[in-house]
Amino acid sequence: MTAMSLPGDNRLGAITGDLIAQGWSWQPGLLPEPLYRALRAEILAVDAEDDLAPAGVGREEAFLLDRSIRRSRIAWMDGTTPAQAEFLAWAGQLREAINRSLMIGLFEFEACFAVYRPGGFYDRHLDSFEGARNRLVSLVVYLNEDWQAEDGGGLVVWAEGADEADAPVAVIAPEGAGAMFMLSETIPHAVQETLATRYAIAAWWRVNPSTEGRVDPLS
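Position 187 (the sequence shown) corresponds to 187 in this note's numbering; numbering is contiguous.
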């Protein structure tokens, strides 16, 4: 695949401006079309081969499979296919642009294919884990085609500090090539029950919590 360029300064400015002002930014059609097509083909193949694991909540000792909270399947990306390598390079350029504007020290990136088959959902949650600041900015990129309102599967977003009873500030349809950015520690969100198979990449940037210059890689 050929190298993908980032969107222009106005688009990047909109992303970082939204993150500052409201903690999230929805960018329709942000993923370049050739990369969207390649990644969509790959996630369709992964789904057809059923090369996916049930997604849980929490991490390491706190990891839990609870289908009353989250019902989806994932496959971690490792950059070994051309499409994955191109996506990771594209995300790396985004990281540099966000760091230049916000000066928040995003350091490493992890990403997975996420498949919600009919009946899938994810209850309201934050993407950060309790304790270390291991996720700071979340990125969701959608790989669907011709998504319809009746398919469900919307991303429900609440404002920072919103209570359970508060109304959401947005419900985002998972339109193909669209990208959602969120501050992982502060923006509650949920995935509505989907009535069609819903394809996405879920990804997160984190800071390096190490000290004395030691690199603390992803486990």
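We put the beta carbon where it would ideally sit given N, CA and C, even for glycine.
Just so it is clear, the structure is predicted and the values come from calculations on it, not from any experiment.
>> Less than 8 Å between C-beta atoms, sequence neighbours within five positions excluded: which residues of the same chain meet that for Gln-183?
In response: Looking at the sequence itself, residue 183 is Leu, so the reference to Gln does not match. Cβ neighbours of Leu-183 beyond the five flanking positions: Leu-19, Gly-23, Trp-24, Leu-136, Val-137, Ser-138, Glu-160.
>> Can you give me the C-alpha to C-alpha distance between Thr-16 and Phe-107, rounded to a whole angstrom?
In response: 17 Å
> Should Ala-127 go down as buried or exposed, given a rule of 16 or more other Cβ atoms within 10 Å for buried?
Replying inline: Sequence inspection shows Asp at residue 127; the Ala mentioned does not correspond to that position. When all chains shown are included, Asp-127 counts as buried.
> Is it right to say Val-171 is buried, meaning 16 or more other beta carbons lie within 10 angstroms of its own, or is it exposed?
Replying inline: exposed
> Where are the beta strand (DSSP E) runs, 3 residues long or more, that stay fully inside the segment 130 to 186, in chain order?
Replying inline: 137 to 142, 155 to 157, 170 to 172, 179 to 183
> Smallest Cα separation from Pro-168: which of Val-157, Glu-175, Gly-79, Gln-93?
Replying inline: Val-157
>> Are the CB atoms of Tyr-122 and Arg-70 within a distance shorter than 8 Å?
In response: yes
>> My output table needs one value for Glu-212: the three-state DSSP class, helix, strand or coil.
In response: No answer about Glu-212 holds up, because its pLDDT of 47 lies below 50 and its placement is not dependable.
>> With DSSP as the reference, identify every bridge partner of Trp-24, one or two as the case may be.
In response: Met-182
> Three-state secondary structure (DSSP) at Ile-43?
Replying inline: helix
> So is His-189 buried or exposed if we call it buried at 16+ other beta carbons inside 10 Å?
Replying inline: buried
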